[in-house]
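Residue numbers (my numbering), protein chains in the order written: chain A, 282 to 571; chain B, 208 to 547.
In what follows, a single structure is set out as structure tokens and then discussed.
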Ligand SMILES: Cc1cc2nc3c(=O)[nH]c(=O)nc-3n(C[C@H](O)[C@H](O)[C@H](O)COP(=O)(O)OP(=O)(O)OC[C@H]3O[C@@H](n4cnc5c(N)ncnc54)[C@H](O)[C@@H]3O)c2cc1C
Ligand SMILES: Nc1ncnc2c1ncn2[C@@H]1O[C@H](COP(=O)(O)O)[C@@H](O)[C@H]1O
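Structure representation (structure tokens):
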């Protein structure tokens, strides 16, 4: 950060919302995580803070650190998702909210982005950060769709950000290269792992925020002050029921099969000079090589 | 709007940058041709940019019957909102029944925004698309000729078939390299339909200041022979063995994600679900276990040779030739046999 950047920041800095998702750790999928009917037994998998949402949180914290402002984390999901909201608080988020509602069950990306857009709107942010994609669905659709619904500029694949008054200067990966954009606020960014890792927990904040709870975790009573994780229902955020959950989801899953590899009847080649030579001869003969 | 939606066209987004057509549109037209023929409707490419009309020719040659062309200075470089506006108004006007995008950075930026504005479904990263029947499990309502959108989910551990039978158009993105382009038909032409961008007065909140293109020296997708290494190669230095083998064969070198994460090879060489999809004539896999996410990017190779010390490694399940052994011993023997 240099002096010029500080000068060009808005007075009061920038208010950011970060959308974070709790996901099953798909890297740890083993045989027993698959049910006999081919569906995934989510209970058998550890639930984690979606990796690129950590990068998104880092982006918001960096903007706050450099230019001032606030960071609000929002997760939509079951009460268990409060675990990652607590992590966000421990890393430096100012406030955390859980959007949880039966009406949201079965939401595809269109319904999810609708619900999240209603929640985000409540906070009237300058900047919204999402992860590029969640590792359970790998769709990368929710971020751009939230932006469309809010009428915000959308910048995907964010790798770096600087602020300049009412604009952000964003560096993004466009696949075939790197692009630098000047973006009018309010804007939403989807952040990739290249942005940089989430800072470690702040020790003092760990002591404090490990006690943070949402009402659902506390006999439906909100905690006092800082330790309260906010809880929002579809009604609270003004989300129309017909656009949430199954009702608001145009896509449906027709069929699921688990990946079971067939085969195994390969030709065995001995790791010897003769074995390898006969293999090469065979490949030359059928014109694969040579 | 056409009232009979079953007459709607099949559309493919013809992504271009700097007036150069990407590879994906021609791949998607290959699949699109099959879908359009099955439905008995025209196949069209949607081409947007500034001064891009010459790109219509390769699109016709790759199978398009029509090209919907929007030319406007504001579309010269890709900006999500400008492209979305132009795209959505064309969809409203022409009511296509299927719209397919490449799952590239551009496609994954544009497609969700278009779907969101139209409030229709979108399935990301499909590995196959088919036309078929769908019965709603709850209402028992049956739909004919819907787009079956097939994709891996849960880190590649399941394959799901997704449909959006009610809110058309049916939209999907497809990863690069997954669909095969048709044989190019020189001189094949079609109809160009011009559309206005209609974005005068629309505020575009993004100004592109600078683009620095990466000049990739790696062309895995075009390689006839690929030698790929994984964590089992052991070090960056040891990858030289694989380069030597590739040189001897006139092939290219690729890697698993573990090899990339360990810094043995560059990211652009990663093969698999989150890397490139390849289907070379010969794929030699060295020290790769064969995780589903990796297999997703290479299992359609014509011939697969697997070299692995672990006879139970899953890679052997997709291999045509299996060598249970140490790559450090086997590769030099291979090079010797090829050169000899
Ligand atoms: C969402 C998601 C996306 C992913 N995308 C991809 C992707 O695009 N591409 C990808 O590759 N992976 C991907 N992965 C990671 C994938 O799950 C595996 O972790 C990865 O492919 C493992 O790489 P590897 O086989 O090189 O390493 P390992 O699994 O560690 O296997 C190394 C192998 O080398 C063998 N070996 C060791 N020494 C020798 C020797 N001297 N000679 C011969 N063999 C030896 C071992 O027996 C072992 O089988 C993804 C994972 C997730 C969750
Ligand atoms: N349930 C959710 N709660 C909070 N954020 C979410 C949720 N689902 C998706 N997101 C955000 O949208 C991004 C992309 O998700 P996806 O479209 O599922 O790949 C994630 O990285 C999150 O930032």
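C-beta atoms are modelled at their ideal positions from N, C-alpha and C, and glycine is treated no differently.
Since this is a predicted model, take the numbers as computed values, not measurements.
Residue i: CB within 6 Å of a non-hydrogen atom of ligand 2
| i | result |
| --- | --- |
| residue 525 of chain A | no |
| residue 444 of chain A | no |
| residue 512 of chain A | no |
| residue 475 of chain A | no |
| residue 378 of chain B | no |
| residue 412 of chain A | yes |
| residue 331 of chain A | yes |
| residue 376 of chain A | no |
| residue 428 of chain B | no |
| residue 244 of chain A | Nothing can be reported for residue 244 of chain A: it is not among the residues displayed for chain A, which extend from 282 to 571. |
| residue 381 of chain A | no |
Check: residue i C-beta below 6 Å from any heavy atom of ligand 1
| i | result |
| --- | --- |
| residue 244 of chain B | no |
| residue 334 of chain A | no |
| residue 516 of chain B | yes |
| residue 513 of chain B | no |
| residue 534 of chain B | yes |
| residue 423 of chain A | no |
| residue 307 of chain A | yes |
| residue 520 of chain B | yes |
| residue 481 of chain B | yes |
| residue 463 of chain B | yes |
| residue 328 of chain A | no |
Cβ-based neighbour list, residue i, same chain, cut-off 8 Å, excluding 5 preceding and 5 following
| i | result |
| --- | --- |
| residue 312 of chain B | none |
| residue 236 of chain B | 219, 250, 252, 266, 269, 270, 271, 388 and 389 |
| residue 387 of chain A | 526, 527 and 530 |
| residue 282 of chain A | Any reading at residue 282 of chain A must be qualified, since the residue scores a pLDDT of 44, below 50, and its modelled position is unreliable; no value is offered. |
| residue 478 of chain B | 427, 433, 435, 461, 462, 463, 484, 485, 501, 504 and 505 |
| residue 208 of chain B | A caution first: residue 208 of chain B carries a pLDDT of 41, below 50, which makes its placement in the model unreliable, though a value can still be read off. 299, 300 and 302. |
Beta-carbon contacts of residue i that lie in its chain and below 7 Å, excluding the five residues immediately before and after
| i | result |
| --- | --- |
| residue 482 of chain A | 371 and 372 |
| residue 488 of chain B | 431, 432, 509 and 510 |
| residue 318 of chain B | 308, 329, 378 and 380 |
| residue 492 of chain A | 508 |
| residue 560 of chain A | 550 |
| residue 474 of chain B | 467 |
| residue 368 of chain A | 330 |
| residue 284 of chain A | Any reading at residue 284 of chain A needs caution, since the residue's pLDDT is 43, under 50, leaving its predicted position unreliable; the model's value is listed next. The answer is none, since no qualifying residue turns up. |
For residue i, the first and last residue of its enclosing alpha helix (DSSP H)
| i | result |
| --- | --- |
| residue 194 of chain B | Nothing in the structure corresponds to residue 194 of chain B, since chain B is present only between 208 and 547. |
| residue 308 of chain B | Careful: residue 308 of chain B lies outside any alpha helix (DSSP H), inside the beta strand (DSSP E) at 305 to 309. |
| residue 478 of chain A | Residue 478 of chain A -> no alpha helix (DSSP H), and no H or E assigned at all. |
| residue 294 of chain B | 287 to 301 |
| residue 396 of chain A | 390 to 404 |
| residue 365 of chain A | 363 to 372 |
| residue 537 of chain B | 534 to 546 |
| residue 554 of chain A | 554 to 566 |
| residue 456 of chain B | 447 to 456 |
| residue 499 of chain B | 499 to 502 |
Enclosing beta strand (DSSP E) for residue i [first to last residue]
| i | result |
| --- | --- |
| residue 402 of chain B | 398 to 402 |
| residue 441 of chain A | 434 to 445 |
| residue 356 of chain B | 349 to 360 |
| residue 515 of chain A | Careful: residue 515 of chain A lies outside any beta strand (DSSP E) and carries neither H nor E. |
| residue 382 of chain B | Here residue 382 of chain B belongs to no beta strand (DSSP E), and DSSP marks it neither H nor E. |
| residue 377 of chain A | 376 to 380 |
| residue 357 of chain A | 350 to 357 |
| residue 435 of chain B | 432 to 436 |
| residue 463 of chain A | 458 to 465 |
Proximal residues to residue i (C-beta, below 6 Å), its chain only, five neighbours per side dropped
| i | result |
| --- | --- |
| residue 524 of chain A | 395 |
| residue 516 of chain B | 533 |
| residue 287 of chain A | Residue placement at residue 287 of chain A cannot be trusted, given a pLDDT of 49 that sits under 50; what the coordinates show is reported in the next sentence. Cβ within range, chain order: n/a, list empty. |
| residue 342 of chain B | 349 |
| residue 514 of chain A | 382 |
| residue 478 of chain A | none |
Cβ of residue i within 7 Å of any chain D Cβ
| i | result |
| --- | --- |
| residue 547 of chain A | Chain labels in this structure do not include chain D; the protein chains are A and B. |
Listed in chain order, which residues of the region 462 to 478 of chain A have Cβ atoms closer than 8 Å to some Cβ of chain B?
Of all residues in the region 462 to 478 of chain A, 462, 463, 464, 465 and 468 have a Cβ within less than 8 Å of some Cβ in chain B.
At a CB distance below 9 Å, what residues from the region 359 to 382 of chain A approach chain B? Give them in sequence order.
Going along the region 359 to 382 of chain A in chain order, one finds no residue with a Cβ nearer than 9 Å to chain B.
Cβ-based contacts, 9 Å cut-off: residues of the region 518 to 546 of chain B near chain A
Answer set for the region 518 to 546 of chain B: 521, 523, 524, 525, 526, 527, 528, 529, 530, 531, 532, 533, 536, 537, 540, 541, 543, 544 and 545.
Mind listing which residues of the region 281 to 312 of chain B have their C-beta closer than 8 Å to chain A's C-betas, in chain order?
Listed by position along the chain: 285, 287, 288, 291, 311 and 312.
If the cut-off is 7 Å on Cβ atoms, which residues from the region 407 to 426 of chain B count as contacting chain A, listed in chain order?
The region 407 to 426 of chain B vs chain A, Cβ under 7 Å: 412, 413, 414, 415, 416, 417, 418, 419, 420 and 421.
Any residues in the region 479 to 496 of chain B with a beta carbon nearer than 7 Å to a beta carbon of chain A? Which ones, in chain order?
Within the region 479 to 496 of chain B, the qualifying residues are 488 and 489.
Using a Cβ-Cβ cut-off of less than 9 Å, list which residues of the region 315 to 329 of chain B approach chain A; keep chain order.
Within the region 315 to 329 of chain B, the residues whose Cβ lies closer than 9 Å to any Cβ of chain A are, in chain order, 315, 316, 317, 318, 319, 320, 321, 322, 323, 324, 326, 327, 328 and 329.
Closer than 7 Å, Cβ to any Cβ of chain B: which residues of the region 410 to 424 of chain A, in chain order?
Cβ contacts with chain B come from 416, 417, 418, 419, 420, 421 and 422.
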